[in-house]
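Undergrad: For reference, the structure I am asking about is given below.
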Amino acid sequence: MFKLFKVVQRELSWGRHHFNATVIARPFRDINDVTATRLNTRSPWTRKFSTHLREMVKAKKYVVVSHFVNEAKPTDLKLVEEELPPLKNGEYLVEAEYFSVDPYMRPYVQRFPLGITMIGGQIAKIIQSKNPDFPVGKKIVASLGWRTHTIVNPNVVDDTALQQPYILPDIGDLPASLGLGVLGMPGNTAYFGLMEICKPKPGETIVITGAAGAVGSHVGQIAKNLGLTVIGICGSDEKCKWLTEELGFDSAINYKTMPIAASIRKAAPHGVDCYFDNVGGEISSTVMYQMRQFGRVAVCGSISSYDADASSLPKCGILQPTIVFNQLKIEGFVVTRWNDRWNEGIMQNLRLIREGKLHYRETVTKGFENMFDAFMGMLRGENIGKAIVQA
Ligand SMILES: NC(=O)c1ccc[n+]([C@@H]2O[C@H](COP(=O)([O-])OP(=O)(O)OC[C@H]3O[C@@H](n4cnc5c(N)ncnc54)[C@H](OP(=O)(O)O)[C@@H]3O)[C@@H](O)[C@H]2O)c1
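So this is what it looks like as structure tokens:
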């Protein structure tokens, strides 16, 4: 009934490749009732006879059968199989290689009717094409949801998708999975959110919550490169150690064991200029009361509320005194605001990686059948850096 699978911590940086292979074992549900036919695109036989085999491609996908209430349950999703039709002109067929599990999926999926494929981004390889702009062999970054194989028609807009699919930029010998993390949506969130909303200046102090996650760990490193004092808040001593000993954060606060206000005052006696807010709730209110004159707050996310029923959220805390008397500027943002500058963000972050100024880490779960566990693990804080599922 239960099997074990591996979560591999993969940490690399340009010119200094090293693997930190912490292996975490945890149980997952048996899905032996699903028997998918997987197209082996690497086999020469498959390539030669791909037109024939094409008609046999079956996709596995997770369908949303119940809206999440509080913590998502495995039974809210159903793993099903569907046979894909032949390609029409203009279409191409992709096979997923990596999936992203992100916090936004938890609240965002609630907007859509039951029966949709669970939302999410993936890196996928083009294995058949009737579209010259998307040739066989190229990889795409696409919001195709939790499904193994997909026929994409670039002229059809999927309402559940964050963006239209695009070809993964040339990132040399770096892993393609980075297109879902440091060189993709979370990386651009860090870059644009910090630069455009916080507008950091050398010598200032920034606090980042969710600091050991995909976005937070990235924000802290850019801020450090710019000459700020960087304070990270996260949920374990192991994460704090990673931030200070490997990423160069000036200090890190474990919000589960340390007093937040006193710890910030100790690390930043003159107060906080910028706050990059990934979590919301009590932690954020506490940080905002530590801010100084003309501080800027980038409200990126509020993961502390994602599992809550909106009608049962606490009545608001009183933040107005600090906002008024410290003359704070607080701005929410969604990264797609900078869709027209998307490639700029990717290239900036790629440059920092190549210069050794930006380190990344991935928590990789293996197996499409473990999507749900990887998703829940990320929401519960089991990831360090970007949470990824390898197909
Ligand atoms: N605005 C945008 O366009 C945009 C784009 C991307 C992401 N985001 C937001 O940015 C935030 C971070 O996203 P990410 O992809 O980088 O995820 P992530 O930080 O890699 O993973 C989520 C982390 O949230 C922390 N967490 C979970 N519950 C928490 C709670 N109750 N209080 C405090 N921390 C909690 C956990 O770490 P701990 O061990 O530290 O608790 C967990 O590892 C999310 O809020 C997300 O929605 C916004």
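According to the numbering used here, the sequence shown is numbered sequentially starting from 834. Built from N, CA and C at the ideal position, the CB exists for glycine as well. Since we're looking at a predicted model, the values are computed, not measured.
How long is the line joining the alpha carbons of L917 and K893, rounded to whole angstroms?
TA: Here the question's residue 917 lines up with position 84 in the sequence shown. Here the question's residue 893 lines up with position 60 in the sequence shown. Using only the alpha carbons, I get a separation of about 10 angstroms.
Undergrad: Which residue comes first and which comes last in the beta strand (DSSP E) that contains L926?
TA: Position 93 of the sequence shown, counted from the start, is the residue given in the question as residue 926. Unbroken beta strand (DSSP E) run through L926: 925-933.
Undergrad: Could you check if P998 belongs to the surroundings of ligand 1, using beta carbon to heavy atom distance under 7 angstroms?
TA: Taking the first residue of the sequence shown as position 1, residue 998 is located at position 165. Checking the Cβ of P998 against ligand 1 gives no.
Undergrad: Apart from the five residues just before and just after D1110, which ones in its own chain have a Cβ nearer than 8 angstroms to its Cβ?
TA: Residue 1110 sits at position 277 when you count from the first residue of the sequence shown. Result list for D1110: T1042, S1117, V1120, V1130, A1131, V1132, C1133, G1134, S1135, in chain order.
Undergrad: If the criterion is Cβ atoms closer than 8 angstroms, does the pair F1208 and M938 meet it?
TA: Residue numbering aside, residue 1208 sits at position 375 when the sequence shown is read from its first letter. Residue numbering aside, residue 938 sits at position 105 when the sequence shown is read from its first letter. Against a cut-off of 8 angstroms, the Cβ pair of M938 and F1208 comes out as a contact.
Undergrad: Compare the beta carbon distance of L1013 and S933 with 8 angstroms and say whether it is the shorter of the two.
TA: Here residue 1013 is taken as the residue at index 180 of the sequence shown, counted from 1. Here residue 933 is taken as the residue at index 100 of the sequence shown, counted from 1. For L1013 and S933, yes; Cβs fall inside 8 angstroms.
Undergrad: Suppose the cutoff is 6 angstroms on Cβ atoms and the five residues either side in sequence are ignored; what does the same chain contact list for F967 look like?
TA: Sequence index remark: in the sequence shown, residue 967 carries index 134 (1-based). The answer, listed in chain order, is Y925, I959.
Undergrad: Which full runs of the beta strand (DSSP E) of 3+ residues lie inside the region 1053-1102, going along the chain?
TA: If we require 3 residues or more, the beta strand (DSSP E) runs fully inside the region 1053-1102 come out as 1062-1067, 1084-1087.
Undergrad: Which same chain residues end up closer than 6 angstroms to I984 when comparing Cβ atoms and leaving out the 5 residues on each side of it in sequence?
TA: Position 151 of the sequence shown, counted from the first residue, corresponds to residue 984. L917, E924, L926.
Undergrad: Does DSSP put D1110 in a helix, in a strand, or in coil?
TA: By 1-based counting over the sequence shown, the position of residue 1110 is 277. Strand, per DSSP.
Undergrad: Taking DSSP as the reference, what is the three-state secondary structure of R1213?
TA: Within the sequence shown, the letter at position 380 stands for residue 1213. Looking at R1213 - three-state DSSP - the assignment turns out to be coil, as it is neither helix nor strand.
Undergrad: According to the neighbour-count rule (16 or more other Cβ atoms, all chains shown, within 10 Å of its Cβ), is S1010 buried or exposed?
TA: What you label residue 1010 is simply residue 177 of the sequence shown in a count that begins at 1. Counting Cβ neighbours within 10 Å, S1010 comes out buried, since at least 16 surround it.
Undergrad: Leaving out five residues before and five after K971 in sequence, what residues of the same chain have Cβ atoms less than 6 angstroms from its Cβ?
TA: Residue 971 sits at position 138 when you count from the first residue of the sequence shown. Cβ neighbours of K971 beyond the five flanking positions: I959, I1000.
Undergrad: Quick check: what's the CA-CA separation for K1099 versus T1169?
TA: To locate residue 1099, count along the sequence shown from 1; it is residue 266. To locate residue 1169, count along the sequence shown from 1; it is residue 336. K1099 and T1169: Cα-Cα distance of roughly 36 angstroms.
Undergrad: Take N986 and list the residues in its own chain whose beta-carbon comes closer than 7 angstroms to its own, dropping the five residues that flank it on each side.
TA: By one-based count along the sequence shown, residue 986 stands at place 153. Cβ within range, chain order: G923, E924.
Undergrad: Closest by CA to P1008, which one among E1215, N1203, E1195, G1218?
TA: One-based indexing of the sequence shown puts residue 1008 at position 175. Of the candidates E1215, N1203, E1195, G1218, the one whose C-alpha sits nearest the C-alpha of P1008 is E1195.
Undergrad: Measuring from the CB of C1067, is there a heavy atom of ligand 1 at a distance below 7 angstroms?
TA: Here residue 1067 refers to the residue found at position 234 when the sequence shown is read from its first residue. For ligand 1, at least one heavy atom lies less than 7 angstroms from the Cβ of C1067.
Undergrad: Buried or exposed, going by whether 16 or more other CB atoms sit within 10 Å of the CB of D866?
TA: The count along the sequence shown starts at 1 and reaches residue 866 at position 33. Low confidence applies to D866: its pLDDT is 28, below 50, so where it sits in the model is not reliable, and the reading given next is rough at best. Counting Cβ neighbours within 10 Å, D866 comes out exposed, since fewer than 16 surround it.
Undergrad: Given a cut-off of 8 angstroms, decide if T1038 and I1064 are closer than it, judged by their beta-carbon atoms.
TA: In the sequence shown, counting from the first residue as 1, residue 1064 sits at position 231. In the sequence shown, counting from the first residue as 1, residue 1038 sits at position 205. Yes.
Undergrad: Between the alpha carbons of G1214 and W1075, how many angstroms are there, rounded?
TA: Start at 1 with the first residue of the sequence shown, and residue 1214 comes out as number 381. Start at 1 with the first residue of the sequence shown, and residue 1075 comes out as number 242. Computed Cα separation, rounded: 14 angstroms.
Undergrad: Does any heavy atom of ligand 1 sit closer than 7 angstroms to the C-beta of M1209?
TA: The count along the sequence shown starts at 1 and reaches residue 1209 at position 376. Because no heavy atom of ligand 1 lies under 7 angstroms away, the Cβ of M1209 does not count as near it: no.
Undergrad: How big is the Cα-Cα spacing for W1171 and V1222?
TA: Here residue 1171 corresponds to residue number 338 of the sequence shown, with the count starting at 1. Here residue 1222 corresponds to residue number 389 of the sequence shown, with the count starting at 1. Each residue's alpha carbon lies about 26 angstroms from the other.
Undergrad: Quick one: grab the DSSP three-state call for R1177.
TA: If you number the sequence shown from 1, residue 1177 lands on position 344. The question names Arg, but residue 1177 in the sequence shown is Glu. Of the three classes helix, strand and coil, the one that applies to E1177 here is helix, per DSSP.
Undergrad: With DSSP run on the structure shown, which of helix, strand or coil describes I1156?
TA: Taking the first residue of the sequence shown as 1, we reach residue 1156 at position 323. I1156: helix per DSSP, three-state reduction.
Undergrad: Taking buried to mean at least 16 other C-beta atoms within 10 Å of its own C-beta, is S1050 buried or exposed?
TA: To locate residue 1050, count along the sequence shown from 1; it is residue 217. The residue is buried, with at least 16 neighbouring Cβ atoms inside 10 Å.
Undergrad: If you run the structure through DSSP and keep just helix, strand and coil, what is L910?
TA: In the sequence shown, residue 910 corresponds to position 77, counting from 1. Looking at L910 - three-state DSSP - the assignment turns out to be strand.
Undergrad: Does the beta carbon of D935 fall short of 7 angstroms from some heavy atom of ligand 1?
TA: Position 102 of the sequence shown holds residue 935. The answer is yes for D935.
Undergrad: Can you tell me whether DSSP reads F967 as helix, strand or coil?
TA: Within the sequence shown, residue 967 is the residue found at index 134, counting from 1. Here F967 sits in coil by DSSP.
Undergrad: Using a 10 Å radius around the Cβ and a threshold of 16 neighbouring Cβ atoms, would you call D863 buried or exposed?
TA: Counted from its first residue, the sequence shown places residue 863 at position 30. Bear in mind that the predicted position of D863 carries a pLDDT of just 32, short of 50, making it too unreliable to give a figure here.
Undergrad: What three-state label does DSSP hand F882 in the structure shown?
TA: Here the question's residue 882 lines up with position 49 in the sequence shown. For F882, the predicted structure reports a pLDDT of 37, less than 50, and the residue's modelled location is therefore unreliable. A value from the coordinates is still provided. Looking at F882 - three-state DSSP - the assignment turns out to be coil, as it is neither helix nor strand.
Undergrad: With the cut-off set at 8 angstroms, would you say L1212 and P1019 are in Cβ contact?
TA: Taking the sequence shown and counting its residues from 1, one reaches residue 1212 at position 379. Taking the sequence shown and counting its residues from 1, one reaches residue 1019 at position 186. No. Outside cutoff.
Undergrad: Could you give the residue range of the alpha helix (DSSP H) that holds T804?
TA: A question about residue 804 goes unanswered here, because the residues of the chain that appear run from 834 up to 1224.
Undergrad: Can you grab the Cα-Cα spacing for the pair S876 / I1004, in whole Å?
TA: Here residue 876 is taken as the residue at index 43 of the sequence shown, counted from 1. Here residue 1004 is taken as the residue at index 171 of the sequence shown, counted from 1. The predicted model places S876 with a pLDDT of 41, which falls under 50 and marks its position as unreliable; any figure quoted below should be read in that light. S876 and I1004: Cα-Cα distance of roughly 25 angstroms.
Undergrad: Got a sec? Which residues, its chain only, sit under 8 angstroms from G1113 by beta carbon, not counting five neighbours each side?
TA: Position 280 of the sequence shown, counted from the start, is the residue given in the question as residue 1113. Contacts found: V1132, G1134, S1135, I1136, S1137, S1138.
Undergrad: Candidates I1030, S1144, F1201: which alpha carbon is nearest G1128's?
TA: As a position in the sequence shown, residue 1128 is number 295, starting the count at 1. For G1128, the nearest C-alpha among the options comes from I1030.
Undergrad: Kindly identify the DSSP beta-bridge partner or partners of T950.
TA: Counting from 1 along the sequence shown, the entry for residue 950 is found at position 117. Its beta-bridge partners are V896.
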